[in-house]
Structure formats: structure tokens, C-alpha cells
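Report on the following structure.
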Amino acid sequence: MARTHTVGIDRIACDGYGLCAELLPELIELDEWGYPVVGSAPLTGEALGHARRAVAACPALALRLDRAPERAPDRKPAQRS
Amino acid sequence: MTEAMTDGRTALAAGDGRAGMLGPHGSRLLHGWYATGGPAGLDEHLGRYGPPPFPRTADAADRLIRAVEDAGLTGRGGAAFPTGRKLRAVAAGRGTAVVVANGMESEPASRKDETLLDLAPHLVLDGAALAAAAVGADVAHLCLPHTRQDQADALREAVGERQRVGTDPFPVQVHELPHHYVSSEETSLVRWLNGGDARPLATPPRPFEKGVGRRPTLIDNVETLAHLALIARYGPGWFRGAGRADAAGTTLVTLSGALRTPGVYEVPMGRPLGEVLDVAGGAAEPLAAVLLGGFFGSWLPVGQALHVPFAKQDLASLGAGPGAGVIVALPARACCLAEAARVLGYLAAQSARQCGPCRLGLPAVAADFADLAWGDPTPELMRRLEGRTGLLAGRGACRHPDGASRFAATALRVFADDVRHHLSAGPCAAAGHEPVLPVPDTPVPADREWR
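If you're matching them up, the sequences are chains A and B in order.
In terms of this note's numbering, the first sequence opens at residue 335 and continues consecutively.
In terms of this note's numbering, the second sequence opens at residue 23 and continues consecutively.
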């Protein structure tokens, strides 16, 4: 696996439908109100496929797949070039 | 105090001979106030510091950014992010940059930005204009809460005066925004300046990539910009004449609670917290704990707090940070749990109500905490509260739930004895006393009040 992926959530868009936890139980659980709690396990192999399906299925379009590393401002200039 | 003053003076004398620039406690930003006892107008400001040295070429702009990097200046709005690195990221962005000076100061226990803007408005305006020149911006905004109408008028007047004298390439635009707790968050400023609500946005993109008008946007706290204005004049070596190698310069602090002379002061970074409190006359009565960073901050037990240096690295080891320099000394007579419960109620009411954890989780934590402080708490309630508190962090568009989670978690840890007492005997007598922390009695903002 050349790249590690992480799941990102637009927390404003998320309405707590909970499909992501159904489709990607390896990584996502729901809190007592049905909003996702994302684990820290790396997404590889089969789980990556589940993640893609979960992203596609989210009714609020709130789920996305990010390529790690992510978005600290200090890393940005390097990424840009 | 004397150590930093001496260091600062030596550095100054070696630099350009401005040996008289430092006021009491090695103050720089507040030096003018210590000298005259009043706000500094443009004449006085230019007499003291000279005109802002604008970079005229791309090389000179790069040197200014390098100076800020070498100075080790970090953001004074709470995150303590290296300012030079941010300048460089914005300067390297695609498209013409925008500068935003953040003077919103929504922390109820903070007064330092308001004080700085009152006493040394031209240092802030210098800093905004210089930062704009450094990153190649063609517009600079200064964001203030609409509750400080007089200050906004005074700053518009100051900008007008600068235009008449011809200090700056373009005038800083002064704006008055809604005054809610999360309206000072940087994406709230971007959203409002773009015509929307002063509520946080989901990231990415971060403002330094795509902010105001989808352009690279530098957002800095007003105090940070004032320091930048002095670094541009006197250089990184001078800036490092106060503070420590890894915590450079001075910082404004708002000291309140059970202190003899509470107020806004300027202190060198890296001082033990006890010495910082001594600047405000020290404790006026026995203390129980110190709240560091305001409502977005952490509780520290007083024994631990007084010895820890006021610097990001040292505070991080205790799960705290310098924040925006808000330090509240909580007296031993107060009910710590009632104090914390009131703050959590405020934080819950002040959320932007956009994300699940803030709409549902945070109010639940606040309600549990209120039960702990004033109700009949059970071990079961405590387990639920701890679980809910732990689940807030990292699950919002902005850091509001993270701040509330840290506030609640450190309160439960530092006040563990009080928790046990409330569990076994119910509310203590002090739970009904007059609050120490200044929790504003503001209603939940209506939807239209965010614009």
C-alpha cells in the first residue's frame, strides 16, 4: 500500500444518518446521538473498499477519503510545489 | 523583571540605540502607555517608533518574513502557531493575498486585545499594513465585535489620519462583527467577510489556502501584528532580547480572579506563572487553582501552576497552553465545580449549532456538570459525564468542542476532591456563592444574530 488514507467528515454537513458506521464498522462507531466517531486505524485493503462505499453512500455527502498526510498549515507549502 | 529588562536593553543598545524603549516589566507594546498614561495618537506613535519600514521589493518582503521567522514570534490569539511560517505559506499561495487582523477577543476573561487597540492602535495598524506588504496583499481587514462601537470609530479615525499623512499603501478596513464566542474563530471571520454568518466553516480548505474571496488569507491576532510591527523595525535579535530561546519576546496577559491588582499586563514569555501573577500584585487570598487560557483553556492545581514557566512547551506537558494570555486565579473559597458548570453552560449556549457534537454532546456535558455541581450526583452520572466529555474533542468543524472538552476534563481532574465531596454529600455551601469567573449572561444567539 503506497498511500495511507484517512476518512474525513464535514461535521457541518453531517446529519447523523449513520450509514457510515454500517458500511465501515472497522473504523466508525456512532455516539449516543448517532453521530460518527472515527477510529485511528489505517485504512488498507478491504477496509479501503468499505470506506469508498461509505463515502458514496453518505446521504449528506459529508464523508470523504483523504490521502494522508493531512492539512497542518506548516506542511502546505511543501505540498503545493 | 530586571533580568529581561537588562537583556532587552542590551539588545536594543546593540541594535539601534533605542535604549529607552522598554517600560516596566520589560514592556514593549504597552511602553507608550507606561510613558504617558494615555493612548498613543499617530504623532506620538511616529515620534516613538518612526514610520513603518515597508518592504519595497520582493526580496525585502522575503527578508521581513525571514525576520519574523528568526524572531520566533508565535500567534498571540491562542494557538501559538509560528507566525513566520504562516506568512510564508500565505505569500506562497496562488493569487493575491488578503490580510485579516483579528481583534474579536470573544474570551469573556480576556481584555488584552481591547486594551492594546485602545492604547497603541497604530502598532496594530502598522502590523496589519506590514504583514500585507510581506505577503503581497492588496487589502487588509480589521475585525472587531460590534459591542465595541466606540473603539471601531476610534480606529476608523486612526486609519483616516494615516491616510492623510500617507503612512500606508492602502487603508485598513475596519469591520464590526457579531459578538458570539465562536465568532472570533478564523473561519468565522472569513465566512462573514465573504457575506455569510460569523460562524465557523468546515475545513479544508484552510483560510491560508482559500479564504476571503477564495484568496490566500493571513489571519493574525492584533497583538501578533503589533509585535510584527516592532520586529520589522528592530529585528529578530531585538525581539529575542526578552523571553527564552524557545519562547521569544513579550506577551500581553489578562490577569484576573483573586489577585491584588487584576488587569492587562505585558510580561516576557517563559516566566514562572507565579511570577506572572506577582505582576498583578500576587494572590489576594489563598488560591485553589489557576485557569489558563480562559474558557478555551485548562485548569491547573495551584501548587503545580505557580512553578510552571509560561511557555507553550512547558505548559503542554501539563495539558495546557498559553492560550490568549488569559489567566484567572480561583480562590480556595469558591466551589470549583459550580464555576466550571457555569462556564460549560455558557459554552453550550454559545456554540454555532452546526455540528452534532456541539448541538447534542456539549449541552449534555453541560447538563451533567450542572448536576454534579448543584444536584445529587451518582457514580453513574460521573461515568456518563467522563465518557461524553472524552467524545467531544476533534469532532467539530472548529475547535469549540475540543476547548469545552479540555475545560471539562481538566476540571474533573484538578477538582477530583471536590467531585468526591459532592458525590458523598451533595452540593457544598460555596456552590451557591457569587461566581468568580465572569460568565456573561447572554441568551442563545438567534439565527439572524450571526450576520
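Ideal Cβ positions, reconstructed from N, Cα and C, are used throughout, including at glycine.
### Chain-order list of residues whose beta-carbon lies under 7 Å from that of A/C354 (same chain, five-residue window excluded)
The sequence position of residue 354 of chain A within the first sequence is 20, counting from 1. Correct list, in chain order: I362, P370, A388, C392 and L397.
#### Entry: 7 Å Cβ cutoff, B/M23 in contact with chain A
In the second sequence, counting from the first residue as 1, residue 23 of chain B sits at position 1. Its pLDDT being 34, under 50, B/M23 is placed unreliably in this model, and the value from its coordinates should be taken loosely. Judged by the 7 Å Cβ criterion, B/M23 is not in contact with chain A.
### Query
With C-beta atoms as the reference, is B/A224 less than 7 Å away from B/V196?
Translated into the one-based positions of the second sequence, residue 224 of chain B becomes position 202. Translated into the one-based positions of the second sequence, residue 196 of chain B becomes position 174. Contact: no.
### Query
Are the C-beta of B/G378 and some C-beta of chain A separated by less than 7 Å?
Start at 1 with the first residue of the second sequence, and residue 378 of chain B comes out as number 356. It does: the Cβ of B/G378 has a partner Cβ on chain A nearer than 7 Å.
### Query
Which value, in whole angstroms, describes the spacing of the CA atoms of B/V330 and B/S446?
Mapped onto the second sequence, residue 330 of chain B falls at position 308. Mapped onto the second sequence, residue 446 of chain B falls at position 424. Taking the CA atoms as reference points, B/V330 sits about 33 Å from B/S446.
### Query
Interface residues of chain A around B/R417 at Cβ under 9 Å?
Here residue 417 of chain B refers to the residue found at position 395 when the second sequence is read from its first residue. Going along chain A in sequence order, the residues near B/R417 (Cβ under 9 Å) are I343, R345, D365, Y369, P370, V371 and V372.
### Query
Is B/Q195 helix, strand or coil by DSSP?
Here the question's residue 195 of chain B lines up with position 173 in the second sequence. Secondary structure of B/Q195 (DSSP, three-state): strand.
### Message
By the three-class DSSP mapping on this structure, what secondary structure does A/H339 have?
### Response
As a position in the first sequence, residue 339 of chain A is number 5, starting the count at 1. In the structure shown, A/H339 sits in a strand (DSSP, three-state: E or B).
### Message
Please state the DSSP three-state secondary structure of B/A80.
### Response
Translated into the one-based positions of the second sequence, residue 80 of chain B becomes position 58. DSSP places B/A80 in helix when its eight states are reduced to three.
### Query
Which same chain residues, not among the five before or five after B/G345, have their C-beta less than 7 Å away from its C-beta?
By 1-based counting over the second sequence, the position of residue 345 of chain B is 323. Only G100, L314, G315, G316, F318 and G319 meet the Cβ criterion.
### Query
What are the start and end residues of the alpha helix (DSSP H) that includes B/C358?
Here residue 358 of chain B corresponds to residue number 336 of the second sequence, with the count starting at 1. In the DSSP annotation of this structure, the continuous segment of the alpha helix (DSSP H) that includes B/C358 starts and ends at C358 to A371.
### Task
Compare the C-beta of B/A41 against all C-beta atoms of chain A and say whether one is closer than 7 Å.
As a first step, residue 41 of chain B must be located in the second sequence, where it is residue number 19. Its pLDDT being 41, under 50, B/A41 is placed unreliably by the model, and nothing is read from it.
### N- and C-terminal bounds of the alpha helix (DSSP H) containing B/D146
Against the second sequence, residue 146 of chain B aligns to sequence position 124. First, the residue type needs correcting, since residue 146 of chain B is Val and not Asp in the sequence shown. Here the alpha helix (DSSP H) through B/V146 covers P143 to V157.
### Message
Which residues in chain B have a C-beta closer than 7 Å to the C-beta of A/G350? List them in chain order.
### Response
If you number the first sequence from 1, residue 350 of chain A lands on position 16. Going along chain B in sequence order, the residues near A/G350 (Cβ under 7 Å) are G378.
### Message
I'd like to know if the segment 385-392 of chain B and the segment 215-224 of chain B are in contact, where contact means that at least 3 CB-CB pairs between them fall below 8 Å.
### Response
In short, these stretches do not touch, since the Cβ pair count stays below three.
### Residue of B/D398, B/G59, B/G347 and B/P74 minimising C-alpha distance to B/A130
For this step, residue 130 of chain B is matched to residue 108 along the second sequence. The amino acid at residue 130 of chain B is misidentified as Ala; the sequence shows Pro. For B/P130, the nearest C-alpha among the options comes from B/G347.
### Task
Mind checking the segment 382-402 of chain B against chain C and listing, in chain order, the residues whose C-beta falls within less than 7 Å of any C-beta there?
Absent from the structure: chain C. Protein chains present are A and B.
### Query
Using DSSP with H/G/I as helix, E/B as strand and the rest coil, what is A/D400?
The residue given as residue 400 of chain A occupies position 66 in the first sequence. Three-state result, A/D400: strand.
### Task
Compute every distance between the C-beta of B/A57 and the non-hydrogen atoms of the ligand NAP, then say whether any falls below 6 Å.
Inclusion of the ligand NAP in the displayed structure is not the case, the ligand content being empty and no account of it being possible.
### Query
What in chain A is Cβ-close to B/A224, meaning under 8 Å?
Position 202 of the second sequence, counted from the start, is the residue given in the question as residue 224 of chain B. Chain A residues near B/A224: D344, R345, I346 and A347.
### Query
Would you report the Cα separation of B/L322 and B/V436, rounded to the nearest angstrom?
Here residue 322 of chain B refers to the residue found at position 300 when the second sequence is read from its first residue. Here residue 436 of chain B refers to the residue found at position 414 when the second sequence is read from its first residue. In this structure, the alpha-carbon of B/L322 lies about 6 Å from that of B/V436.
### Query
Within the chosen definition, does the segment 147-156 of chain B reach the segment 260-270 of chain B through at least 3 CB pairs nearer than 8 Å?
The segment 260-270 of chain B and the segment 147-156 of chain B do not touch, with fewer than three beta-carbon pairs separated by less than 8 Å.
### Query
Does B/L138 come within less than 7 Å of chain A when only Cβ atoms are used?
Position 116 of the second sequence holds residue 138 of chain B. So, not an interface residue.
### Message
Looking at chain A, is there any beta carbon in it that lies within less than 7 Å of the beta carbon of B/L413?
### Response
In the second sequence, the residue the question calls residue 413 of chain B occupies position 391. A Cβ of chain A is located within less than 7 Å of the beta carbon of B/L413.
### Message
Tell me the DSSP secondary structure of B/I87 in three-state form.
### Response
The residue you call residue 87 of chain B lines up with position 65 of the second sequence. For B/I87, the three-state secondary structure derived from DSSP is helix.
### Message
Tell me the DSSP secondary structure of B/G378 in three-state form.
### Response
As a first step, residue 378 of chain B is located in the second sequence; it is residue number 356 there, counting from the start. In the structure shown, B/G378 falls within a helical segment according to DSSP collapsed to helix, strand and coil.
### Enclosing beta strand (DSSP E) for B/G182 [first to last residue]
Here residue 182 of chain B refers to the residue found at position 160 of the second sequence. Membership of B/G182 in any beta strand (DSSP E) is not indicated; the residue belongs instead to the alpha helix (DSSP H) covering Q171 to V187.
### Task
Using DSSP bridges, identify the partner residues of A/E363.
Position 29 of the first sequence holds residue 363 of chain A. Paired residues: A/V371.
### Message
Measuring CB atoms only, is the segment 252-263 of chain B touching the segment 82-93 of chain B, in the sense that at least three cross pairs come out at less than 8 Å?
### Response
Judged by pairs of C-beta atoms under 8 Å, the segment 252-263 of chain B touches the segment 82-93 of chain B, as three or more such pairs exist.
### Query
What separation, rounded to the nearest whole angstrom, lies between the Cα atoms of B/V461 and B/P353?
Indexing the second sequence from 1 puts residue 461 of chain B at position 439. Indexing the second sequence from 1 puts residue 353 of chain B at position 331. When rounded, the distance between both Cα atoms is 16 Å.
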